[in-house]
Amino acid sequence: MSTLLATPDEKRVALEASVGRSPWQDSKVRLLRNKAAMFSAWILALITLIAIAGPWVWPHKYDAIYEARVGLAPTMNWKQTKIAQLEEDGLCAPATYTTNGTDAYVCQELPAGFENENSPAISHATNVELKTGARGTPSDWHLLGTDEQGRDQAVRLMYGMRVSLAVGLTATLVSLLIGVAYGATAGFLGGRADEIMMRFVDILYALPFIFFVIILMTVFGRSFILIFIAIGAVEWLTMARIVRGQTLALKAREFVEASRAAGLQQSLIVLRHIVPNLLGPVVVYATLTVPGVILAESFLSFLGLGVQEPLTSLGRLLSRGAAQMETAPWLLIAPAAAMMITLFALNFLGDGLRDALDPRDR
Amino acid sequence: MRALNLFVAAMCACALAACQPPTKAGMKEVLLVGNSAEPLTLDPHKASGTWENHIIGDMFMGLTTESPAAEVAPGMATSWTTSADGLVWTFHLRDAVWSDGAPVTADDFVAGFRRLLNPETLSEYASIQFGMKNAEAVYEKRLPPEALGIRAIDPKTLEIILENPAPYLPQLLKHYTAFPIPRHVVEKVGSNWIKPKNIVVNGAYKLVRWRTNDLIEVEKNERFWDATNVCFKRIFYYPTNDSLAAERRVRAGQLDVNTDIDGTRLKFLERNLPGYSRVADFMGTVFLTFNNREKPFDDARVRRALSMAINRDFIADEILRAGQRPAYSLIPPSVANYPGSAPLDWARDEMPKRRAEARALLEAAGFGPDNPLVFTYSHRNTGDNPRIAPVLQKNWSDIAPWVRVQIQGVETQIHYSNLRTGDYDVGDGGWIADFNDARNFLFLMETKSRDQNYSKYSNADFDQLLAASDKERDLIKRGKMLAAAEQLTGRDQPMAPVVYYVNKNLVRPDIKGWVDNIEDIHRARYLCRK
Amino acid sequence: MAAYVLRRLLVAVPTFLLIVALAFILMRLAPGGPFDAERPLAPEIKRNIMAAYHMDKSIPEQLLYYFGDLARGDLGPSMKYKDKTVAEILAEGFPVSAIVGVFALVLAAVGGAAMGAFAALRQNRPGDYAVMAIAMAGICIPPFVVGPILSLLFGIRLQWLPAAGLDPLQGMTVSNLLLPIITLALPQIAIVSRLMRASMIETLRSNFIRTARAKGMTLGQAARRHGLRAAILPLVSYLGPAAAGLVTGSVIIEQIFQLPGIGRQFVLGALQRDYTVVMGVVILYAGLILLLNLLADVLYAILDPRVRLS
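Residue numbers (our numbering), protein chains in the order written: chain X, -12 to 349; chain Z, -5 to 524; chain V, 2 to 311.
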């Protein structure tokens, strides 16, 4: 076909056909075409951005205790919500007089935090006047409500996401580094060394996860870092197994034999030929480990072994929320939604990566 | 595929066949009780927890016992007299028998106390009976068991000799450490006497079944001396350590009683389960202890400042929410025979004033922006304690920006171990009195309490006042001496009281005989369903 | 086959002993001991107790004592429950955990396989997406959220089932165990269905299925008659070790539904430093894992005649 009369599309196809693509480029194209995976990637980026940058711009601090604002439902004017709560408890009642543009209430006791709402025009000091429908300033907003200690839930959710994502990524990284190094070495060495190394993995596998974590945490104390390491120390086992399996398969391939015939050192063979080919399954498995780690951390928080107060994690938010399901459902819904979206996105991304790197599975 | 279908069908059939209607609470003769935790033992001389007391006290009875309102009532002893110097008490026993028919005699009590104070029994709580003559010496094996100040004059008369006069002795004798043992059984089977197949009791109920972490079943002892007034024929106790799951069981009609309620749920329960919640003052205090041996907590100014800055009202009203009251003295107000010490001078001040004063105290002690006050607050990570911790952290950092506190949650066991060895800065603690007397609180700050003096406070005047009060027979005078001793700690604040406990129970409204009381003891033999 | 099984069992013994030794040493390394309760013991008494449990000796010596007891089948007394032995505690708790675990396993295997096959046969169509979305939800919503919701809904609002615990008079009944089994099974159903779907898709592309279809079977018939047996192989590899975890009790399920299983016992034991009980559960768990791994491998070989056990 003459290139002079071809359309731009036809030109591109012809060009690609002549240039050829590496397997990596193929995978990238396939990934970019996978709508679900790309959407998930964007969502994750957004969540990470909110989790990291959110607390800086938010008007509330995650550990700020507002003694007057305990247990409020999501609101844009906490004073309105608090008065409604007090009304329900019978401690305040709407006033019998009216003024323009303001709601007035008579309370048995002036509620804490309402000192400025006092109306001196009326003789009683327990009258509260609130502007009807006034939105309040951002520091009056509690978009996800407050918890039982009067702390803003929205910023705590962001902090919880920070912690959970950090734990997820770090523990996965730890397990990746150890797992890949261990598994590749075992697979490559083969024979006796491989058997002993894998036997050790079997032994560690047979220790219950909770036991391991409890021991690690009690021996080394409750620092944040330890949680990463504890979970990473358990997750590397599966990674090692997968990597070893892949290495064994790769070892038998011709290009490795060719390198050996050419006289390349063992270590260089591992580095230059084996590891790059391992990357595919490892990346996929790593993406799928992160949700597992986040869940594991949430289990630990449920048992009371997770991060220390006032820090929080998705798991801790969820378990407190579940406990208050009937009285304060907003404490459960927001963290549950956040966790679900994050895990969904991670899983879709992992699936997308797997599909992209191994087209037969589509 | 067909095999699979058959399998599923078979499972369904089995399931349906096994279907009987589930057992619900509210049965005339059976009581279902959620008892908060699994007992580690049911042996009265080895127990130490309130939840163990609930069951043990239903099975055994001492010389004295509790009335429905937990006041002292005659138990195995119908009457008692005291000698002129208050050191010799004589008890006259009623005609009661063990559940196998053998009579309960004074020798059973002698055997009980000797067993309690025998170090090989591994009793955790023997020290509570050290008021008996030579008790401590026998416990430390410096004297033989026969030297213990207790003897059987005849099968129905028991004599107890004390080290110091103790007018509160009848109170002390209703404690489970003072329960008798069936000698004739213990001599035959040793420590296996407590197992369901061997056990013999002198109380209203006898152990039938104990499945660990599952249930404890007891049945009515027909030979109990007051059996005609005992209503329930069988009682099941469950270790309900998750109070929310237990609450769900009560709401679903699976339990009659649960011995704990999550404080934040009370408002909800008032609306959705009216008549079930029972809340009463409890004979105990939540406090913070400072490590008086370490800098900077050896300085009373620092301790006072930190104690002042605690917003007790917020903690009681908004965090705990069950009617707990702020505490400014270690001793709860309704403790018997105690007039109370003078109130703290800053107790009535508003928080901003207290914070300002606290700041001034800390500055006087040498702290400031170039010398910040940094320490760790460690707390038990069960119950309400994790929720109080962030509030305390904020209360203290509100004093000044150079006060920086780290929080550390610790397992209860490890926490108390650290408190005993003095391996902490500031720690939380709770004390529920063993018997209704102020002495049982003040001993926490006595030098000779050694390990149990968590704060390591040592004040010779304080110790002297306590020792003198032991010799005083008049309860009023004695109360005043104890109050004077407490006065000293008011200034020094070796421990900072936070709130007083309340005891909270869920009780099905159709159960009569449950009287809310300060000791939270509700013996099942008084309960009945109308 | 028999020779293979025997060889595996023989190799399992030293592995098992190593696991026990490792667990023992780890437990001893953790600070605090079982006798540091709220009420302190007199030093003399504490020394006596420690001696009785051999805890005054060095760790390797203690390990040898422990192995000696194990050889005689004695798991020792509990260090916290003063009137009970470890064997008694395990015997009481294991049946509950096992029954909940086994039924959850069966539900997961059957339900997950059915869902996965369904999805595979309708690949990339609405049916597939719906099933996979449900499966994803099962993995992403933790059991300590699902459990209380089910308990509230069925136990309190509708009053169809007990909210928690076992029946006082009847012990384990269907109505008491139904909610815990479902809550425990949900994440497993999700994982199994994903595995099944992937495996089934792969199988359906293979030659023998193509042959069957060429001979005139529909996809569904071919899947049922030939595909299933091949597709469930990865499930077998997964469920073997997963079963060990399920059967030794899920702590979270037992906590939410107040079930007297060994999962809760185990965590309590670890937190209270009740060494003997913890070791007992570890031994049980390790034994089960080794056994179930062997069973999975044997089952795999039975199902796939191409695999030769070496």
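Even for Gly, the Cβ is constructed at its ideal location relative to N, Cα and C. Owing to the predicted nature of the structure, the values given are computational and were not obtained by experimental measurement.
On a Cα-Cα basis, can you pick out the residue from Z/E513, Z/Y520, Z/R523 and Z/L521 that is closest to Z/K168? When each option's Cα is compared against that of Z/K168, the closest is Z/E513.
Whose Cβ in chain V lies nearer than 8 Å to the Cβ of X/A220? Chain V residues near X/A220: none, gap ~12 Å exceeds 8 Å.
Residue from X/L130, X/Y84 and X/Q136 with nearest C-alpha to X/N114: Among X/L130, X/Y84 and X/Q136, the Cα nearest to that of X/N114 belongs to X/Y84.
Does X/G291 get closer than 7 Å to chain Z when you measure Cβ to Cβ? Closer than 7 Å to some Cβ of chain Z, the Cβ of X/G291 qualifies, so yes.
Minimum Cβ-Cβ distance from V/I190 to chain X less than 7 Å: Chain X, which has no Cβ nearer than 7 Å to the Cβ of V/I190, makes this no.
Are the C-beta atoms of V/P127 and some chain X residue less than 7 Å apart? With 7 Å as the cut-off, V/P127 does not count as an interface residue toward chain X.
Taking CB distances under 7 Å as the criterion, tell me whether X/E135 reaches chain Z. By the rule that beta-carbons nearer than 7 Å mark a contact, X/E135 touches chain Z.
For X/V200 and chain Z, any beta-carbon pair shorter than 7 Å? Judged by the 7 Å Cβ criterion, X/V200 is not in contact with chain Z.
So which residues of chain X does V/F145 contact, with C-beta pairs closer than 9 Å? The answer, in chain order, is S285, F286, F289, G302, L305, S306 and A309.
I'd like to know whether the C-beta of X/T314 is nearer than 7 Å to at least one C-beta of chain Z. Judged by the 7 Å Cβ criterion, X/T314 is in contact with chain Z.
The stretch 77 to 93 of chain V: positions lying closer than 8 Å to chain Z by Cβ: Answer in chain order: K81, Y82, K83, D84, K85, E89, I90 and E93.
Helix, strand or coil: how does DSSP classify X/C94 here? It is a strand residue.
Using a cut-off of 8 Å between C-beta atoms, extract the partners of Z/P375 located in chain X. It should be pointed out that residue 375 of chain Z corresponds to Asn in this sequence rather than to Pro. Ordered by position in chain X, the residues that pass the 8 Å Cβ test against Z/N375 are G291.
If I measure Cβ to Cβ from Z/V27 and keep anything under 6 Å in the same chain, skipping five residues before and after, which residues do I get? Short of 6 Å from the beta carbon of Z/V27, and not among the five residues preceding or following it, lie these beta carbons of its own chain, in chain order: Y231 and V251.
I need the straight-line Cα distance from V/L71 to Z/I188, nearest angstrom please. Here the C-alpha atom of V/L71 lies approximately 27 Å from the C-alpha atom of Z/I188.
Between which residues of its own chain and Z/G423 is the CB-CB distance below 7 Å, once the five residues before and five after are set aside? Answer for Z/G423: F281, T283, L413 and Y448, listed in chain order.
Run through DSSP, which three-state label would Z/G403 get? Three-state DSSP puts Z/G403 in a strand.
Taking V/M28 as the query, report the chain X residues whose CB atoms sit under 8 Å from its CB, ordered along the chain. Among the residues of chain X, those whose CB is under 8 Å from the CB of V/M28 are I202, following chain order.
What do you reckon, are the CB atoms on Z/V179 and Z/Q318 nearer than 7 Å? The answer is no: Cβ separation not under 7 Å.
Under 7 Å, do X/S300 and X/G293 count as touching if we go by C-beta distance? At a Cβ-Cβ threshold of 7 Å, X/S300 and X/G293 count as neighbours.
Could you name the residues of chain X that Z/K127 contacts, counting a contact when the two beta carbons are closer than 8 Å? Scanning chain X for C-beta atoms nearer than 8 Å to the C-beta of Z/K127 yields nothing, as the closest lies near 44 Å away.
Which complete alpha helix (DSSP H) runs does the stretch 206 to 251 of chain V hold, if anything under 4 residues is left out? Segments of the alpha helix (DSSP H) lying fully in the stretch 206 to 251 of chain V: 208 to 215, 220 to 223, 229 to 232 and 234 to 248.
With 7 Å as the threshold, decide whether the Cβ of V/A164 is near any Cβ in chain Z. Closer than 7 Å: yes.
Rounded C-alpha distance that separates X/H129 from X/P322: In this structure, the alpha-carbon of X/H129 lies about 15 Å from that of X/P322.
C-alpha distance - X/W43 paired with X/D139, whole-angstrom precision: Going by the C-alpha atoms only, they are around 14 Å apart.
State the Cα-Cα distance for the pair X/I281 and Z/P346, rounded to the nearest angstrom. Cα to Cα, the separation comes out at about 42 Å.
Quick one: is Z/K289 buried, meaning 16 or more other Cβ sit within 10 Å of its Cβ, or exposed? With fewer than 16 Cβ atoms within 10 Å of its Cβ, Z/K289 is classed as exposed.
Start and end residues, beta strand (DSSP E) containing Z/A462: It is not in any beta strand (DSSP E) - Z/A462 instead sits in the alpha helix (DSSP H) that spans A454 to K465.
Starting from the C-beta of X/W317, find all residues in its chain whose C-beta is less than 8 Å away, skip the five residues before and the five after it, and write them out in chain order. Once the five neighbours on either side are set aside, the close Cβ partners of X/W317 are A60, P61, L131, G132 and Q140.
In chain X, what lies closer than 7 Å to V/M2 by C-beta? Here the premise fails: no neighbours, minimum Cβ distance about 22 Å.
Taking only the alpha-carbon atoms, compute the straight-line gap between Z/D510 and Z/L267 and give it to the nearest angstrom. Distance between Z/D510 and Z/L267, taken at the CA atoms: about 18 Å.
Quick check: the Cα distance between Z/D431 and Z/V329, rounded to an integer number of angstroms? Z/D431 and Z/V329 have their alpha carbons spaced roughly 6 Å apart.
Along the stretch 369 to 396 of chain Z, what residues have a CB closer than 8 Å to any CB found in chain X? Of all residues in the stretch 369 to 396 of chain Z, those with a C-beta nearer than 8 Å to a C-beta of chain X are N375, T376, P380, R381, A383, P384, V385, Q387 and K388, reading in chain order.
Strand pairing of X/G39, partner residues [DSSP]: It is worth fixing the name first, because residue 39 of chain X is Ile in this sequence and not Gly. Paired residue(s): none; X/I39 is not in a bridge.
Measuring straight from C-alpha to C-alpha, what distance separates Z/S463 and Z/P159? So the two alpha carbons sit approximately 10 Å from each other.
From the DSSP output, in three-state form, read off V/R9 for me. Reduced to three states, the DSSP call for V/R9 is helix.
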